[in-house]
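> Quick one: the structure is below, questions incoming.
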Amino acid sequence: MKEPEQVQSLPCVKDARGRLLRDLRISVTDRCNFRCRYCMPREVFDENYTFLPHSSLLTFEEITRISRAFAAFGGHKLRLTGGEPLLRRDLEILIDMLVRIPGIDDIAMTTNGSLLTVERARSLRDAGLTRVSVSLDALDDDIFMAMNDVQVPVTRVLSAIEAAQTVGLSPVKVNMVVRRGFNEGQILPMAAHFRGTEQVLRLIEYMDVGNSNGWRMDDVISAEQMLALIGQHWPLRPLSAQISGEVARRYAYVDGMGEIGIIASVTQPFCSGCSRIRLTSDGQLFTCLFGDQDWDMRERVRRGDADEELVNFLTQIWGKRSDHYSEVRLAITPQRNKIEMSRIGG
Ligand code: SAM
Ligand code: SF4
Ligand code: SF4
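Okay, so the sequence shown: first residue is 19 according to the numbering used here, each after it adds one.
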């Protein structure tokens, strides 16, 4: 492999709305062993669905080069996602490569937890993973399985959360997507389960990502409704954001039993602080989760562009970025052709 070039760190480049780039989300695979109905419904992602061939996926070297350009641009946080990131073989090797990039100080992963044993959590941590978010939509097996549409029981995911905690990948964030008619009855059991533990539950408003999940505004339980429900049982008080650009609004239980987060992307959009860019597993960059335009990084890397040229390309993309989809959601036509969540990675 070519020796990495030294890329000069650029002065911070703001996008057209004055936002800095801080956070790169890397989808390492478009495949998943779950078929969550809100993300990869089985009717669409069935045995005839064509996933990317291995040759289309970015190699670990290519992901590392793009991440290095991102770091030279001023970014410092990486998040590995998918599809299900733990389906990508040898993820530890990638993490070990990413952790060596100057400027990168945080490598997190979002996983469905089904493959996260204590041994795996330990090897990921040893490679340099710093944090884990585990998705879990219910504590009741029937509800959970109806949502993930595979026969993975809740205990498997609870063990994954435990495993991550045991090896020190803590505090583990537990992501629960709330969809009306499916799991709103699980909000209180989930809150009760994670209150007073080291894990932080984050309730996520169901979003209209992609074109497959048949999203309707009526399916959304709003942050306000979720807070009211929890607050009736356990009074809450708002906490200030720990870091700028934090998407979850944080609340503390007044009785001292820890905190809970709410991600209100639909009803209280946070576009004004959005500092993220997303890389699909085949090397396309998206500047918005709801983006309909991508930029081909893979082509640039494979044709041999120098690191400097990759950074210049990022400068161009970010400089003209003006995305604020969630703020204008209601004005957008439903026919808009958006990227699927399983491809862009959340
Ligand atoms: N497979 C991994 C997992 O489920 O954690 C990582 C990828 S998944 C696309 C990332 C996150 O997006 C998960 O927490 C998932 O629950 C969330 N997600 C997927 N579809 C969503 C939707 N329509 N609305 C809100 N969140 C969604
Ligand atoms: Fe898979 Fe995650 Fe999408 Fe569920 S949310 S189908 S686990 S990628
Ligand atoms: Fe960022 Fe786009 Fe989400 Fe707004 S809608 S917060 S710009 S990803």
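From the three backbone atoms N, C-alpha and C, an ideal C-beta is built for every residue, glycine too.
Quick one: what's got a C-beta closer than 6 Å to glycine 101's C-beta in the same chain, skipping five residues either side?
Taken in chain order, the residues that qualify are Thr47, Asp48, Arg49, Cys50 and Ser360.
> Would you identify the three-state DSSP class for glutamate 21, choosing helix, strand or coil?
Note on glutamate 21: pLDDT 46, under 50, position unreliable in the model; the coordinate value appears next. If DSSP states are grouped into helix, strand and coil, glutamate 21 belongs with coil.
> Comparing alpha-carbon positions, which option in Met275, Gly363 and Phe331 lies nearest leucine 307?
For leucine 307, the nearest C-alpha among the options comes from Gly363.
> When you compare only the Cα positions, how much space is there between alanine 178 and tyrosine 67?
C-alpha separation (whole angstroms): 29 Å.
> Taking the beta strand (DSSP E) that phenylalanine 304 falls in, what are its first and last residues?
From DSSP, the beta strand (DSSP E) with phenylalanine 304 extends over 302 to 304.
> Among Thr305, Asp236, Gly301 and Asp310, which has the Cα closest to the Cα of isoleucine 84?
Taking only the C-alpha atoms, the option nearest isoleucine 84 is Gly301.
> Closer than 8 Å is the cut-off here; do at least three beta carbon pairs connect the segment 49 to 63 with the segment 320 to 332?
As far as the Cβ criterion goes, the segment 49 to 63 does not touch the segment 320 to 332, which means the pair count is below three.
> Tell me the rounded alpha-carbon separation between methionine 165 and threonine 128.
Rounded to whole angstroms, methionine 165 to threonine 128 spans 18 Å at the Cα level.
> Less than 6 Å between C-beta atoms, sequence neighbours within five positions excluded: which residues of the same chain meet that for leucine 133?
Closer than 6 Å at the Cβ level, and outside the excluded window around leucine 133, lie Leu104.
> Over the uninterrupted beta strand (DSSP E) stretch that includes glutamate 277, give me the two end residues.
Here the beta strand (DSSP E) through glutamate 277 covers 277 to 281.
> Where does aspartate 273 land, buried or exposed, given buried means 16+ other C-beta within 10 angstroms?
Looking at its Cβ environment, which holds fewer than 16 other Cβ atoms inside 10 Å, aspartate 273 is exposed.
> Taking 8 Å as the cut-off, is the C-beta of histidine 342 nearer than that to any heavy atom in ligand 3?
Result yes, Cβ under 8 Å from ligand 3.
> Given this structure, state the Cα-to-Cα distance separating aspartate 159 from proline 171, to the nearest angstrom.
Roughly 6 Å between the two C-alpha positions.
> Quick check: does the Cβ of glutamate 345 come within less than 8 Å of any heavy atom belonging to ligand 3?
Yes, the Cβ of glutamate 345 comes within 8 Å of a heavy atom of ligand 3.
> Could you please give me the residues that DSSP links to aspartate 124 through a beta bridge?
Note: aspartate 124 sits in a beta bridge opposite Lys95.
> Leaving out the 5 sequence neighbours to the left and right, which residues in its chain are closer than 6 Å to arginine 347 when beta-carbon positions are compared?
Same-chain partners within the cutoff: there are none.
> Short check: CB of arginine 86 to CB of isoleucine 119, under 9 Å?
Against a cut-off of 9 Å, the Cβ pair of isoleucine 119 and arginine 86 comes out as a contact.
> Excluding the five sequence neighbours on either side, which residues of its own chain have a C-beta within less than 6 Å of the C-beta of glycine 121, listed in chain order?
Taken in chain order, the residues that qualify are Ala89 and His94.
> For tyrosine 224, verify whether its CB is less than 8 Å away from any heavy atom of ligand 1.
Yes, the Cβ of tyrosine 224 comes within 8 Å of a heavy atom of ligand 1.
> Apply the 10 Å Cβ neighbour rule to aspartate 108 and answer buried if 16 or more other Cβ atoms are within range, or exposed otherwise.
That one is exposed.
> Could I get the ranges of all uninterrupted beta strand (DSSP E) runs contained in the segment 218 to 264, with 3 residues as the minimum, in chain order?
As far as the segment 218 to 264 is concerned, its whole beta strand (DSSP E) runs of at least 3 residues are 218 to 223 and 254 to 256.
> I want to check one thing, is the minimum distance from the CB of arginine 206 to the heavy atoms of ligand 3 below 8 Å?
Looking at the sequence provided, one finds leucine at residue 206 rather than arginine. No.
> If I measure Cβ to Cβ from proline 256 and keep anything under 6 Å in the same chain, skipping five residues before and after, which residues do I get?
Taken in chain order, the residues that qualify are Tyr269.
> May I have all residues whose beta carbon comes closer than 5 Å to any heavy atom of ligand 2, sorted in chain order?
For ligand 2, the selected residues are Cys50, Phe52, Cys54, Cys57, Met58, Asn130 and Ser360.
> Leaving aside the five residues before and after glutamine 169 along the sequence, list all residues of the same chain whose C-beta is less than 8 Å from its C-beta, in chain order.
Here the set comprises Met163.
> Quick check: what's the CA-CA separation for threonine 298 versus threonine 285?
Those two C-alpha atoms are separated by around 26 Å.
> DSSP puts serine 153 in a beta bridge; with which residues?
Asn193.
> Roughly how many angstroms lie between the CA atoms of glutamate 202 and isoleucine 111, to the nearest whole one?
Roughly 39 Å between the two C-alpha positions.
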